[in-house]
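Numbering (the numbering used here), first residue to last: 940 to 1048.
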Amino acid sequence: VTAQTSNIPTLVFDGVDVGIGGGVAEVVGNLLRELGQSGQVFCVTHLAQVAAKGNTHLLASKSISKTAATTQVLSLDTQARTAELARMMGGIDITDSSIAHAAEMLQSA
């Protein structure tokens, strides 16, 4: 990526996590975080390993009714961010250990 040597103020990544996981996702998250040191990075991700590396976490959700589809975007505080990372890792049931793992991911980022 040549963004570090150019004057691009904001980089947008969507689908950067398709087909990856685990350690590769963490490396991608680290690279995106590094890019964010010299500009703004906006990344849509479904992987906790990538999301944990960001400075700010926005949660986008979509709801559909009979008449309209609406999208809501919320800025998450530390507690909500930890819960969302745990949900991203563990699915429907969020356990104490998934919360602890999410908190550890944020601390090590």
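For glycine and all other residues, C-beta sits at the position ideal for the given N, C-alpha and C.
Closest residue to residue i among the options (Cα-Cα distance)
{"i": "Leu-1013", "options": "His-1040, Lys-1001, Thr-1006, Asn-969", "result": "Lys-1001"}
{"i": "Val-957", "options": "Gln-1011, Gly-968, Ser-1047", "result": "Gly-968"}
{"i": "Ile-959", "options": "Leu-974, Gln-988, Val-951", "result": "Gln-988"}
{"i": "Thr-1017", "options": "Leu-998, Phe-952, Ile-947, Gly-975", "result": "Leu-998"}
{"i": "Met-1044", "options": "Asp-953, Asn-946, Gly-962, Gly-954", "result": "Gly-962"}
Buried or exposed by the 16-neighbour rule on C-beta atoms within 10 Å, applied to residue i
{"i": "Thr-995", "result": "exposed"}
{"i": "Glu-965", "result": "buried"}
{"i": "Ser-1047", "result": "exposed"}
{"i": "Ala-1039", "result": "exposed"}
Other residues of its chain near residue i: CB distance less than 7 Å, five sequence neighbours each side excluded
{"i": "Ile-1033", "result": "Ala-1022, Ala-1025, Arg-1026"}
{"i": "Thr-949", "result": "Gly-978, Gln-979, Phe-981"}
{"i": "Ala-990", "result": "Thr-984, His-996, Leu-1024, Met-1027"}
{"i": "Asp-953", "result": "Val-983"}
Beta-carbon proximity of residue i to residue j, cut-off 7 Å
{"i": "Arg-1020", "j": "Lys-992", "result": "no"}
Beta-carbon contacts of residue i that lie in its chain and below 6 Å, excluding the five residues immediately before and after
{"i": "Gln-1011", "result": "Ser-1000"}
{"i": "Ser-1037", "result": "Ala-1025, Met-1028, Gly-1029"}
{"i": "Ala-1042", "result": "Thr-1021"}
At least three beta-carbon pairs within less than 8 Å, the region 975-991 to the region 1005-1012: no
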